[in-house]
Amino acid sequence: MSLFEQQELYVYNSLSKTKEKFSPIHPGAVGMYVCGPTVYSNVHMGNCRTFLSFDLVFRYLKQLGYKVRYVRNITDAGHLENDGESGDDPILKKARIEKLEPMEVVQKYTVDFHETMGKFNALPPSIEPTATGHIIEQIQIVERIISEGYAYEKNGSVYFDVAKFDQDHKYGKLSGRNLEDTISNTRELTTQSEKRNPQDFALWKKAEPQHIMHWPSPWSDGFPGWHLECTAMSTKYLGNNFDIHGGGMDLKFPHHECEIAQAEACNHESPVNVWMHTNMLTLNGKKMSKSTGNNILPGELFSGENDILSKAFSPAVSKFFMFQAHYRSILDFSNDALVASEKGYNRLMESYRSLDNISTSTAGSFDVSKWRQSCYDAMNDDFNSPILIAQLFEASKYINGLKEGKETISADDLGLLQKTMHDFIFDVLGLVDTTSENNSDGNKLTGAVELLIELRNQARSNKDFATSDQIRDQLLEAGIQLNDGKDGTTFSLN
RNA sequence: GGCGUCUUGGCCGAGUGGCUAGGCAGAGGUCUGCAAAACCUUCUACAGCGGUUCGAAUCCGCUAGACGCCUCCA
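Next comes the structure, spelled out in structure tokens:
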């Protein structure tokens, strides 16, 4: 019996605006699509938050025993920045600035993205398709939409006819907009637009001579429109109707709304059962953004090289910080909050490590099974990682009590406690115990510090406190903390 | 202007009709040669006003402030 048959998972669906009991289309298997990065610059922490939130979803679904096909695309084909002729493709623009081939830009930032995700210990998706690798599929979808009567061609470009679509289906289901309002609120200068209505969006755009990235199509040498790639790739790998589609809140409109319209125009069915949207990571109270420069990069965080940071923070601590907030809440990024998270993270890891040295007795003073279920309950409630972490701290407190001999545990419960801690800390949250990464250098350090500890203890027994305190204080300055305990002195790295 | 979200103790951040969230900081304690670290205990809340209710931080209304989308954006 798989875990998912015992655990009831509820997921907040942006479409219905309620938490729904999760029930995949194919029992035991989940199809999930997440909008990936546009690779024209380094991903910032805001981008990372979304991908790490979905990594958590991916990991928990797997933990429950689901077979998950997780598709996350790479947007490597330029999209228009504006509708009109002034439109500028960010990838091309970047290529001009950096004097690179567009695909060189794409490659550079794709590599950066993968390296960053690796540092965060995020699992790679099952399939990571690229937009440029699916031009044929996108052209086929455009043809299909035209034949269904929901798109029109004009001067080599093809536009989606939103008004026509709205008559037969409803446009705006996801974002809660209706077409009337959208039209009455449009202040767009409708000079020489090829579109019938300002709400229409491009499915295929004819390339201007200076536009380097273009592909042949029945309509023109050009490139696919903004929203097409996700429809093409999600339906190709997950089918016309799949379980979960995710992305940042800022993609809800128009991107995801347009995806729904495209898919429904083609297949006459709603493409996605559950839409999940992650909230923004803010900096100085404002959304992080590539274009405004209000952002912080993972590299700056890991090195501490940034004006707002007092020190460097490890990827695991950064992730722990983000998971202490729920994925649907706005989270403000700040040095103080990171510092607080780091201390908590160290405390949690310390107690996990001490599980190896716990002695057992016949009875336990803590209901481990009940606690274990409360961890699942937290995650079952729309992936509530802050509650999960609070539960882990409850266990942490109990473990500390065990260490002090104030609490007791049976051998079976100890095994269950250890397994559950491991499952959630490492498998679900995907955290890393940084101190366990000791390599040969670490062993050399240990030898040296142990020698100093011995010399210090000799000085102490001779009541030569000047020497002993000098060793202690200078080691602390070097970032080595000595911990005097009942069973001797240990050390930890700050 | 339209649509939507948010406002929780010194800070971060869950919860959402009656039951301690949690972390960090502060205070007290244990340990120590003194400390540090660690551990234990513990104080301070639900933006303002009005309403519904036996009971609201939680539901409704108004006010104030903040944010997001409406244009590429996770």
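Here this note's numbering is used: the first residue of the first sequence is 497, the next is one more, and so on. Just so you know, even glycine gets a beta-carbon here, dropped at the ideal spot from N, CA and C. A quick note: this is a predicted structure, and the numbers were derived from the prediction, not measured.
Check your understanding: Can you tell me the Cα-Cα spacing of residue 961 and residue 968, whole angstroms?
Key -> In the first sequence, the residue the question calls residue 961 occupies position 465. In the first sequence, the residue the question calls residue 968 occupies position 472. Residue 961 and residue 968: Cα-Cα distance of roughly 10 Å.
Practice item. Taking residue 607 as part of the alpha helix (DSSP H), name the residues at either end of that continuous run. Key: Residue 607 sits at position 111 when you count from the first residue of the first sequence. Counting along the chain, the alpha helix (DSSP H) containing residue 607 begins and ends at 598 to 615.
Check your understanding: Any idea what DSSP makes of residue 784, helix, strand or coil?
Key -> Against the first sequence, residue 784 aligns to sequence position 288. Three-state DSSP puts residue 784 in coil, outside helix and strand.
Review point. Where does residue 572 fall in DSSP's three states?
Key: Walking along the first sequence from the start, residue 572 turns up at place 76. Residue 572: coil per DSSP, three-state reduction.
Review point. Counting only runs that start and end within the stretch 734 to 795, where is the alpha helix (DSSP H) found for 4 or more residues in a row?
Key: 753 to 763
Point to revise | Backbone CA spacing between residue 797 and residue 625 [nearest angstrom] | key: Locating residue 797 in the first sequence gives position 301, counting from the first residue. Locating residue 625 in the first sequence gives position 129, counting from the first residue. Near 29 Å, if we compare the C-alpha coordinates of residue 625 and residue 797.
Check your understanding: Is it a yes or a no for the stretch 735 to 749 touching the stretch 763 to 779, going by three-plus beta-carbon pairs under 8 Å?
Key -> yes
Check your understanding: By Cβ distance, which residues of its chain are closer than 6 Å to residue 525, with the 5 residues on each side in sequence left out?
Key -> Looking up residue 525 in the first sequence gives position 29. Around residue 525: 563.
Exercise for review: If I'm right that residue 629 touches residue 718 with Cβ under 8 Å, what's the distance once you round it to whole angstroms?
Suggested key: Here residue 629 corresponds to residue number 133 of the first sequence, with the count starting at 1. Here residue 718 corresponds to residue number 222 of the first sequence, with the count starting at 1. About 17 Å separates the two Cβ atoms, so there is no contact after all.
**Study point:** Range of the contiguous alpha helix (DSSP H) that encloses residue 719
**Key:** Against the first sequence, residue 719 aligns to sequence position 223. First-last for residue 719: 718 to 720, but that is the beta strand (DSSP E), not the alpha helix (DSSP H).
Check your understanding: Looking only at DSSP bridge pairs, what is residue 506 linked to?
Key -> Here the question's residue 506 lines up with position 10 in the first sequence. Paired residue(s): 517, 877.
Point to revise | Sequence-distant residues of its chain with Cβ nearer than 7 Å to residue 581 (five each side left out) | key: In the first sequence, residue 581 corresponds to position 85, counting from 1. A caution first: residue 581 carries a pLDDT of 42, below 50, which makes its placement in the model unreliable, though a value can still be read off. Closer than 7 Å at Cβ, skipping near neighbours: no residue.
Check your understanding: For residue 828, which residues does DSSP report across the bridge?
Key -> Position 332 of the first sequence, counting from 1, holds the residue named residue 828. DSSP output for residue 828 lists 778 as bridge partner(s).
Practice item. Provide the residue(s) that pair with residue 626 in DSSP beta bridges, ordered along the chain. Key: Numbered from its first residue, the first sequence carries residue 626 at position 130. Partner(s): 570.
Practice item. Sort out for me which residues DSSP pairs residue 653 with in a bridge. Key: Taking the first sequence and counting its residues from 1, one reaches residue 653 at position 157. In DSSP, residue 653 forms a bridge with 650.
Review point. Is the beta carbon of residue 552 sitting closer than 8 Å to the one on residue 709?
Key: Position 56 of the first sequence, counted from the first residue, corresponds to residue 552. Position 213 of the first sequence, counted from the first residue, corresponds to residue 709. In this structure, residue 709 does not lie closer than 8 Å to residue 552 by Cβ.
Check your understanding: Can you give the beta carbon distance from residue 591 to residue 601, rounded, assuming they're within the 8 Å contact cut?
Key -> Along the first sequence, one-based indexing puts residue 591 at 95. Along the first sequence, one-based indexing puts residue 601 at 105. With 8 Å as the limit, residue 591 and residue 601 qualify as a contact, their Cβ atoms being about 5 Å apart.
Review point. Helix, strand or coil: how does DSSP classify residue 527 here?
Key: Position 31 of the first sequence, counting from 1, holds the residue named residue 527. Residue state, collapsed to three classes: strand.
Check your understanding: If residue 912 and residue 854 are in contact, beta carbons under 8 Å, what's the gap, nearest whole angstrom?
Key -> For the purposes of this step, residue 912 is taken as residue 416 along the first sequence, with counting starting at 1. For the purposes of this step, residue 854 is taken as residue 358 along the first sequence, with counting starting at 1. The pair is not a contact, with the Cβ atoms about 13 Å apart (cut-off 8 Å).
Check your understanding: Which residues in the same chain have their Cβ closer than 6 Å to the Cβ of residue 510, if we skip the five residues on either side of it in sequence?
Key -> Against the first sequence, residue 510 aligns to sequence position 14. Same-chain partners within the cutoff: 771, 773.
Review point. When we look at the beta-carbon of residue 894 and count the other beta-carbons within 10 Å, is it buried (16 or more) or exposed?
Key: Within the first sequence, the letter at position 398 stands for residue 894. Buried, by the Cβ-count rule.
**Study point:** 3-residue-minimum beta strand (DSSP E) runs that sit fully inside the stretch 928 to 986, ordered along the chain
**Key:** 976 to 981
Exercise for review: Please report the residue range of the beta strand (DSSP E) in which residue 812 lies.
Suggested key: Counted from its first residue, the first sequence places residue 812 at position 316. No beta strand (DSSP E) contains residue 812, which is instead part of the alpha helix (DSSP H) from 811 to 819.
Point to revise | Where residue 807 sits in the DSSP three-state scheme | key: Reading the first sequence from its first residue, position 311 is the one you call residue 807. If DSSP states are grouped into helix, strand and coil, residue 807 belongs with coil.
Check your understanding: How would you label residue 827, buried or exposed, when you count the other beta carbons within 10 angstroms and need 16 or more for buried?
Key -> In the first sequence, the residue the question calls residue 827 occupies position 331. So residue 827 ends up on the buried side.
Practice item. Take residue 712 and list the residues in its own chain whose beta-carbon comes closer than 8 Å to its own, dropping the five residues that flank it on each side. Key: As a first step, residue 712 must be located in the first sequence, where it is residue number 216. Cβ neighbours of residue 712 beyond the five flanking positions: none.
Review point. In whole angstroms, what separates the C-alpha of residue 856 from that of residue 896?
Key: Counted from its first residue, the first sequence places residue 856 at position 360. Counted from its first residue, the first sequence places residue 896 at position 400. Residue 856 and residue 896: Cα-Cα distance of roughly 14 Å.
Check your understanding: Hey, residue 887 and residue 870: beta-carbon distance below 8 Å or not?
Key -> Indexing the first sequence from 1 puts residue 887 at position 391. Indexing the first sequence from 1 puts residue 870 at position 374. Going by C-beta atoms, residue 887 is nearer than 8 Å to residue 870.
Check your understanding: Do the stretch 515 to 530 and the stretch 747 to 760 touch if we need at least three Cβ pairs shorter than 8 Å?
Key -> no
Point to revise | Presumed contact (8 Å Cβ cut-off) between residue 568 and residue 532, rounded CB distance | key: Here residue 568 refers to the residue found at position 72 of the first sequence. Here residue 532 refers to the residue found at position 36 of the first sequence. With a Cβ gap of about 4 Å, residue 568 and residue 532 count as contacting.
Check your understanding: Is DSSP giving residue 727 helix, strand or coil here?
Key -> In the first sequence, counting from the first residue as 1, residue 727 sits at position 231. Looking at residue 727 - three-state DSSP - the assignment turns out to be helix.
Check your understanding: Grouping DSSP H, G and I as helix and E and B as strand, with all else coil, what is residue 843?
Key -> Within the first sequence, numbered from 1, the residue matching residue 843 stands at position 347. Helix.
**Study point:** Coarse secondary structure for residue 686, derived from DSSP in three states
**Key:** As a first step, residue 686 must be located in the first sequence, where it is residue number 190. Residue placement at residue 686 cannot be trusted, given a pLDDT of 48 that sits under 50; what the coordinates show is reported in the next sentence. Correct three-state label for residue 686: coil.
Practice item. Use the C-beta contact count for residue 942: other C-beta atoms within 10 angstroms, 16 or more gives buried, fewer gives exposed. Key: Within the first sequence, residue 942 is the residue found at index 446, counting from 1. The residue is exposed, with fewer than 16 neighbouring Cβ atoms inside 10 Å.
Point to revise | residue 881 beta carbon less than 8 Å from that of residue 948 | key: Position 452 of the first sequence, counted from the start, is the residue given in the question as residue 948. Position 385 of the first sequence, counted from the start, is the residue given in the question as residue 881. Contact: no.
Point to revise | Beta-carbon separation (whole angstroms), residue 786 vs residue 610, contact threshold 8 Å | key: What you label residue 786 is simply residue 290 of the first sequence in a count that begins at 1. What you label residue 610 is simply residue 114 of the first sequence in a count that begins at 1. Incorrect: roughly 18 Å between the Cβ atoms, too far for contact.
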